[in-house]
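Structure, as structure tokens:
Protein chains: 2
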Amino acid sequence: MSSQVLSTQAVSSAHDLTETAWLRFLRAHAAITRELSSRLEALHELTLSDFDVLVQLYYAEGRRMRRIDIARSVLLTASGITRLLDGLESCGLVAKERCASDARVTYAVLTGAGVKKIEEARESHNADIEELFGSRFAPEEREQLTELLGRLPLAHTAEACSA
Amino acid sequence: MSSQVLSTQAVSSAHDLTETAWLRFLRAHAAITRELSSRLEALHELTLSDFDVLVQLYYAEGRRMRRIDIARSVLLTASGITRLLDGLESCGLVAKERCASDARVTYAVLTGAGVKKIEEARESHNADIEELFGSRFAPEEREQLTELLGRLPLAHTAEACSA
DNA sequence: GAGCTATACTTGAGAACTCAAGGATCATAG
DNA sequence: CTATGATCCTTGAGTTCTCAAGTATAGCTC
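Here the protein sequences line up with chains A and B, keeping their order. Here our numbering = 1-based position in the first sequence + 35. Here our numbering = 1-based position in the second sequence + 35.
Here it is as structure tokens:
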């Protein structure tokens, strides 16, 4: 790490290489999410997590999901989701809905305002992602990168999303 | 995103590809750092950020750095560093040191205990990184990945580290 | 149908940040 | 030498999470 690790030259053993790659991964994540979330906040008053949840709901069947499934798909804890949805509910973007067959679960449903919001926000946000992330790579590099990243642990996401 | 975006099959346009790659990047980061930091905490009572700062100091000249430079290299704000170092100082891993030539700056210096701590922690932590991240890739894939990640915005890290 | 365990959700307390503001020192320009 | 502005650091307040504990419901087993 430090000087050696982030400069390209000192890359030598397989081990240092892993360290370099990991450090770049970490720093890039910090730098990009910082910028993305500040833009998202400024333009749409949404957190990156808010946005993430909204998009999950947007694509879900009936634009509705169990809270626990949201938690798993965006990698937050159940209690994190409770608090996050509290916010989105008080903004009128999401509503609660009881489940007929299981009284333990409450669905989160996207409201009309929520749909509108996410459609607006997605435009600028996708452009930002393209600028800060995607545009760095040629088409076939994108595929490579996507494939490589796909080998990393994604926790429950893959399962939750391949359903 | 959602179903389409994280499954490999629905990958089609360049745009969706960027979205997929970005989502994988985000989720992988969440999943890996969660696991890494829980192991680090359990074995060594260190945060991922603590560790990061400690390693930066470990490799710095004289094992000493200005707080502002630490902030830039690990991508935290100055105030975040103040609080983080407060913790490390009260654990005796790091000490303050006045700068002779500039009274505004206080250095953070790694103590003997700090050196020992980081050398211990690095062993298991590097193994964890290898397990959760590096081991997913063949040697030449590591180089590819490292190169690709190097094109992403790393904020001040590159400058701070190439010095 | 009584008890057990598992699941879904919420809540209180606390960790790890951020931002905005303030204090101290430095560097420069007049 | 003195004002001006930049830089380094800290602090108070607020945000967004987490973990642990608690409540309520479900389903299974005997």
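Glycine included, each C-beta is placed from N, C-alpha and C at the ideal position. Please read all numbers here as calculations on a predicted model, not as lab measurements.
Proximity of chain A to Ile164 (chain B) at the Cβ level (cut-off 8 angstroms) is accounted for by Thr53, Glu54, Trp57, in chain order. Annotation for Ile164 (chain B): Leu71 place their beta carbon closer than 8 angstroms to its own, counting only its chain and skipping 5 residues before and after.
Residue-level contact by beta carbon fails for His160 (chain B) and chain A, as no gap is shorter than 7 angstroms. In this structure, DSSP gives Glu132 (chain A) an extended state, which the three-state scheme calls strand. If you check the CB distance, Leu184 (chain A) and Ala66 (chain B) do not come in under 7 angstroms. The beta carbon of Ile116 (chain A) lies closer than 6 angstroms to those of Arg102, Ile105, Ala106 in the same chain, with the five residues before and after it left out.
One alpha carbon belongs to Leu123 (chain A), the other to Ala156 (chain A), and they sit about 14 angstroms apart. Excluding five sequence positions before and after Arg74 (chain A), the CB atoms of its chain that fall closer than 6 angstroms to its own CB belong to Asp163, given in chain order.
By the C-beta density criterion, Thr112 (chain B) is exposed, having fewer than 16 other C-beta atoms within 10 angstroms. Closer than 7 angstroms to the CB of Ala106 (chain B) there is not a single CB belonging to chain A. According to the DSSP assignment, Thr112 (chain B) belongs to no beta strand (DSSP E), since it is labelled neither H nor E. A contact is defined here as three or more CB-CB pairs under 8 angstroms, and the region 170-183 of chain A fails this definition with respect to the region 145-152 of chain A. Between the alpha carbons of Ala95 (chain B) and His64 (chain B) lies a gap of roughly 26 angstroms.
Within chain A, the residues Arg186, Leu187 have their CB atoms less than 7 angstroms from the CB of Arg171 (chain B), given in chain order. Between Val129 (chain B) and Ala138 (chain B), the CB-CB gap reaches or exceeds 7 angstroms.
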